[in-house]
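Undergrad: In full-length UniProt numbering, the protein residues as written are 1 to 61. The C-beta atom is built at its ideal place from N, Cα and C for all residues, glycine as well.
#1: Tell me which residue opens and which closes the beta strand (DSSP E) that residue 61 is part of.
#2: Once you ignore the five residues that flank residue 28 on each side, which residues in its own chain have a CB closer than 8 Å to its CB?
#3: What does a CB cutoff of less than 8 Å around residue 36 pick up in its chain, not counting 5 residues either side in sequence?
#4: State the Cα-Cα distance for the pair residue 57 and residue 20, rounded to the nearest angstrom.
#5: Look at residue 33 and residue 8 and say whether their C-beta atoms are less than 8 Å apart.
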């Protein structure tokens, strides 16, 4: 999921994706751009508490 300057919404978006029921294991990859509103900090905090979330930094977003 590409993420850029979405601090107000990223937590809810992540929770919605991870709450979807599936028969397969799930991994959510967040491509973090150079946000200026705290988005990356929110995403990093959520990733530190949930092993299904993986962070990829995308400095050219």
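TA: Looking at the coordinates:
#1: Taken as a continuous stretch (DSSP letters only), residue 61 belongs to no beta strand (DSSP E), as it is neither H nor E.
#2: 1, 14, 17, 18, 52, 53, 54
#3: Excluding positions up to five away in sequence, the list reads 5.
#4: Rounded to the nearest angstrom, the two C-alpha atoms are 25 Å apart.
#5: no
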